[in-house]
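Here is the structure we will look at, set down as structure tokens.
Chains as they are written, first to last, in the numbering used here: chain D, -6 to 257; chain F, 416 to 870; chain C, 18 to 177.
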């Protein structure tokens, strides 16, 4: 079977075509064309949609909606998304960023998917042709979900509220040892009033560090203040051992990097 | 570039026109314009693509192979198994009388490492070959495997390679390559300190940007042209001639342009089976490793274990050195018996030591066969030796560079292999390194010479 | 097997081919059109040897399906020199010994070209970032970085 590409003007038509066995939705190609090139014979055809809404970034009143086909490069250069530029630039090299899409990143298996870690900390909503889902729910069953992601939406964090870190062995571009994103809100005196911490490469997909989040509430971002959060940072993690790092190493360095990010 | 001409000034004429002068590389214009022709930059009408069915097990007996579904797959032209290969059991160093033949082109009855080639599928497209390869059914009986050299050398270890019958290479000198010089035990007895340390390394993959591969075109007159990125052109031609039982004049090899090799393209792996495919189908055949194959299948640098025991005096002289080296060949010999032998030749390093004992073993395990890579047999040994030198210097409270000056070999010194040292330049290199790195040493070392003894 | 038409400009020249649907741009360029300057090093988007420029943007031709390039302007390293005169980047790579095996060179030059098109006077960090998707296994990064900086300087001198 040749790997035919079918292009549809609407997501609805693409969604119907995607019901055929062996078809995969083609975003930027950095995951599915790669898999086909490596001889994944379970893929028998590519489906894509050119619906214009998929490529639009819309921002109004602090609410952001990014079409699924928007690339990492487009996010990185968008003036109103400057706080996220750092996370978008963490994905691949320049050519990959011109191709890799926000929708595709949601499906990137560990150790990839750095931008999804940012989206998880932002508590984004994932819109598919079947409806909207909280990102955590979406990620939990992303493999079995044969829906087409059309957009992600989130509220822009307050200035300085979003932090992101990716640790890799090769600089400036390298596969992640781990990545961490946080969205924090603090009272006037610096006390943390709400915290979301997302971890990449600490499981087979991005996860929230709920114990650490809870331990930050009511604390200040000082070495003493964050110590309880760091102590429970690897609660619920199950990092992989891969050519980049061992599971042991990832668990060892997680509190170190989380600490640096929180104290930055 | 800066040339320090003060060294060996009396040994060199300084009226050379080419040496020491920068010259443009002759291949660069092709590289920067994208016109350099690598093996894959050719396209023949009707070219077939070869994909390999590989062992998913580290060690297993093959009960049966069923290729019937694969042969029926649309686009498939030919499916090859061991029985199709005229001389299936080979070893590349047989050309220099280093046997026994111990490796199969396509697995016959047994696989000895995860990734070993079992069945070759030739099809009209890469995709068809991949799909058909997935339809080949191989029934395996999994056998116990051994991955660690020490485990492999134990008497009850599973035998990795029956062609050897034991898990180490049997040299004419016995179970290892040996160097004996002076009386090493007497040396340890007189030493102020004795230090024994163990060093280990893991396999290292060359990861060339261009993966291993070749394209073979039948010329219509029983001759075959093989466009290849091998680093060992005639070595490959001669081995292909043996494997295919085909006179060398039927084989025309075109190559020399390699997109990164580093020693990783000296094994004879892709060419013989591609030529066989071209011969049996009468069509051009392309066999090129995927990136995953390059990383998992191509030979890495061997894992090594090096045990160094040194006797050292408080004045800095090393009086005895005993080295036991282990080279992990993986499942087959390839270049590793030679690599282990090279290690024996390289120890005890560039130092003059009166009492030396060297044993180097080439060990078989169920790991990916290892082979050549930049200074194989030497590089890991040098790492171990120089870390050991630093430890010895620390042990006796001496500057590590001065410690090396004291022990450096110089012209006329007898080496452990009973070759007198000639053309040494270690002293001068260290003098320049001392200046360049701003790591001063005592004046007496800066006036030493490699060839003027007593200076 | 169903063939689909593709039509784009390659280094300014119109190209039209019928290809198998699903064919990557890398295969279309190399096997159908005959431009072998983009190299297939990994087919995974990891090595950058297949890098080309599509409508002014850096892309990996191994992960781009050819039929998605209809109407586009594709640039490859083989199209940089004009009338036998090397492009300033090609000249700089040549002079700076920035090639060893040469396999990564066409991709490196593409990445450098896009950088200099947008940032005529890049910093060293800009160059390192721009080349970060391109792997050189002969460990020649330093001469490559120097070549790109030299090309930028020679461009700005010529512009004066």
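Heads up, the beta-carbon is just placed ideally off N, CA and C, and yes, glycines get one too.
Remember, it's a predicted structure, so these values are computed and weren't measured experimentally.
DSSP three-state call for residue i: helix, strand or coil?
i: residue 257 of chain D; result: coil
i: residue 587 of chain F; result: coil
i: residue 716 of chain F; result: strand
i: residue 22 of chain C; result: strand
i: residue 248 of chain D; result: helix
i: residue 36 of chain D; result: coil
i: residue 436 of chain F; result: coil
i: residue 422 of chain F; result: coil
i: residue 942 of chain F; result: Since the first residue of chain F shown is 416 and the last is 870, residue 942 of chain F is not available in this structure.
i: residue 786 of chain F; result: strand
i: residue 870 of chain F; result: Its pLDDT being 46, under 50, residue 870 of chain F is placed unreliably in this model, and the coordinates cannot settle the point.
i: residue 751 of chain F; result: helix
i: residue 42 of chain C; result: helix
Give the single residue among the options whose Cα lies nearest to the Cα of residue i.
i: residue 387 of chain F; options: F/698, F/814 and F/610; result: Nothing can be reported for residue 387 of chain F: it is not among the residues displayed for chain F, which extend from 416 to 870.
i: residue 63 of chain D; options: D/213, D/130, D/22 and D/200; result: D/22
i: residue 605 of chain F; options: F/836, F/832 and F/725; result: F/725
i: residue 673 of chain F; options: F/816, F/692, F/537 and F/648; result: F/648
i: residue 668 of chain F; options: F/695, F/707 and F/642; result: F/642
i: residue 94 of chain C; options: F/615, F/601, F/444 and F/522; result: F/444
i: residue 204 of chain D; options: D/125, D/222 and D/43; result: D/222
i: residue 584 of chain F; options: F/788, F/820 and F/778; result: F/778
i: residue 174 of chain C; options: C/145, C/138, C/35 and C/154; result: C/138
i: residue 147 of chain D; options: D/55, D/45 and D/247; result: D/55
i: residue 235 of chain D; options: D/3, D/248 and D/194; result: D/194
i: residue 114 of chain D; options: D/201, D/233 and D/232; result: D/201
i: residue 600 of chain F; options: F/609, F/624 and F/650; result: F/609
i: residue 20 of chain C; options: C/27, C/44, C/29 and C/35; result: C/35
i: residue 30 of chain C; options: C/90, C/61, C/37 and C/56; result: C/90
i: residue 172 of chain D; options: D/4, D/-4 and D/79; result: D/79
Please list the partners that residue i has in chain D, where partner means a Cβ-to-Cβ separation under 8 Å.
i: residue 145 of chain C; result: 165
i: residue 61 of chain C; result: 27, 30 and 31
i: residue 101 of chain C; result: The premise fails here: residue 101 of chain C is roughly 29 Å from chain D at the closest Cβ pair, so nothing lies under 8 Å.
i: residue 149 of chain C; result: 86, 87, 165 and 166
Using a cut-off of 7 Å between C-beta atoms, extract the partners of residue i located in chain D.
i: residue 545 of chain F; result: 32 and 34
i: residue 79 of chain C; result: 30
i: residue 549 of chain F; result: 34
i: residue 76 of chain C; result: 88, 91 and 92
Which residues of chain C have a Cβ atom closer than 7 Å to the Cβ of residue i, listed in chain order?
i: residue 444 of chain F; result: 111
i: residue 17 of chain D; result: Here the premise fails: no neighbours, minimum Cβ distance about 11 Å.
List the residues of chain F that residue i touches, going by C-beta distances under 7 Å, in chain order.
i: residue -4 of chain D; result: 542
i: residue 123 of chain C; result: 449
i: residue 66 of chain C; result: 624
What residues from chain C crowd round residue i, counting only those whose CB sits closer than 8 Å?
i: residue 273 of chain D; result: No statement about residue 273 of chain D is possible, as the shown extent of chain D runs from -6 to 257 and does not include it.
i: residue 98 of chain D; result: Within 8 Å Cβ-Cβ: nothing; residue 98 of chain D doesn't reach chain C, min ~13 Å.
i: residue 705 of chain F; result: 60
i: residue 622 of chain F; result: 154
i: residue 65 of chain D; result: Those do not exist, as residue 65 of chain D stays about 12 Å from chain C at its closest Cβ, beyond 8 Å.
I want to verify the contact list: residues of chain D whose CB lies under 9 Å from the CB of residue i, in sequence order.
i: residue 84 of chain C; result: -2 and 0
I want to verify the contact list: residues of chain C whose CB lies under 9 Å from the CB of residue i, in sequence order.
i: residue 39 of chain D; result: 38, 39 and 82
i: residue 103 of chain D; result: Correct list: empty, because the minimum Cβ distance to chain C is about 16 Å.
Would you say residue i reaches chain B, if we count a Cβ-Cβ gap shorter than 8 Å as a contact?
i: residue 128 of chain C; result: This model lacks chain B altogether, as its protein chains are D, F and C.
Mind pulling the chain F residues with CB within less than 9 Å of residue i?
i: residue 163 of chain C; result: What residue 163 of chain C touches in chain F: nothing, since even the nearest Cβ is about 14 Å away.
i: residue 56 of chain C; result: 449, 453, 455, 456, 624, 625 and 674
Inset, instruction - Identify every run of the alpha helix (DSSP H) within the stretch 473 to 549 of chain F, keeping only runs that are complete inside it and at least 4 residues long; order them along the chain. - result: DSSP runs (the alpha helix (DSSP H)) wholly in the stretch 473 to 549 of chain F: 483 to 487 and 541 to 548.
Legend entry - Cβ contact check for the stretch 162 to 172 of chain C and the stretch 107 to 116 of chain C: 3 or more pairs under 8 Å: Touching, per the Cβ criterion.
Legend entry - Segments of 4+ residues assigned as alpha helix (DSSP H) that fall wholly inside the stretch 50 to 133 of chain D: Complete alpha helix (DSSP H) runs here, min 4: 65 to 70, 75 to 82, 87 to 90, 95 to 98, 107 to 114 and 128 to 133.
Legend entry - Sufficient close CB pairs (3 or more, under 8 Å) joining the stretch 470 to 481 of chain F to the stretch 551 to 571 of chain F: Judged by Cβ distances under 8 Å, the stretch 470 to 481 of chain F makes contact with the stretch 551 to 571 of chain F, as three or more pairs qualify.
Inset, instruction - Please go through the stretch 105 to 153 of chain C and give each complete beta strand (DSSP E) segment of 3 or more residues, from N-terminal end onward. - result: Annotation: the stretch 105 to 153 of chain C contains no complete segment of the beta strand (DSSP E) (minimum length 3 residues).
Legend entry - Complete runs of the alpha helix (DSSP H) confined to the stretch 146 to 221 of chain D [at least 4 residues]: Fully contained in the stretch 146 to 221 of chain D are the following alpha helix (DSSP H) runs of length 4 or more, in chain order: 203 to 209.
Legend entry - Touching by the beta-carbon criterion (3+ pairs, under 8 Å), the stretch 730 to 737 of chain F and the stretch 694 to 709 of chain F: No: fewer than three Cβ pairs fall under 8 Å.
Inset, instruction - Would you be able to state if there are at least three C-beta pairs under 8 Å between the stretch 82 to 89 of chain C and the stretch 108 to 128 of chain D? - result: At 8 Å Cβ cutoff, the stretches do not touch.
Inset, instruction - Flag this pair as touching only if the stretch 44 to 52 of chain C and the stretch 453 to 460 of chain F have three or more C-beta atom pairs under 8 Å; answer yes or no. - result: The stretch 44 to 52 of chain C, when compared against the stretch 453 to 460 of chain F, does touch it at the 8 Å Cβ threshold.
Legend entry - Any 3 or more C-beta pairs closer than 8 Å across the stretch 429 to 441 of chain F and the stretch 228 to 244 of chain D: Segments in contact, no.
Inset, instruction - Say whether the stretch 740 to 756 of chain F touches the stretch 767 to 776 of chain F, bearing in mind that this needs 3 or more beta-carbon pairs closer than 8 Å, one atom from each stretch. - result: Contact holds: three or more Cβ-Cβ distances are below 8 Å.
Legend entry - Every unbroken beta strand (DSSP E) inside the stretch 605 to 640 of chain F [3 residues or more]: If we require 3 residues or more, the beta strand (DSSP E) runs fully inside the stretch 605 to 640 of chain F come out as 608 to 615 and 628 to 633.
Inset, instruction - Pair every Cβ in the stretch 585 to 598 of chain F with every Cβ in the stretch 757 to 772 of chain F, then say whether three or more of these pairs are closer than 8 Å. - result: Yes: the two stretches touch, three or more of their Cβ pairs being nearer than 8 Å.
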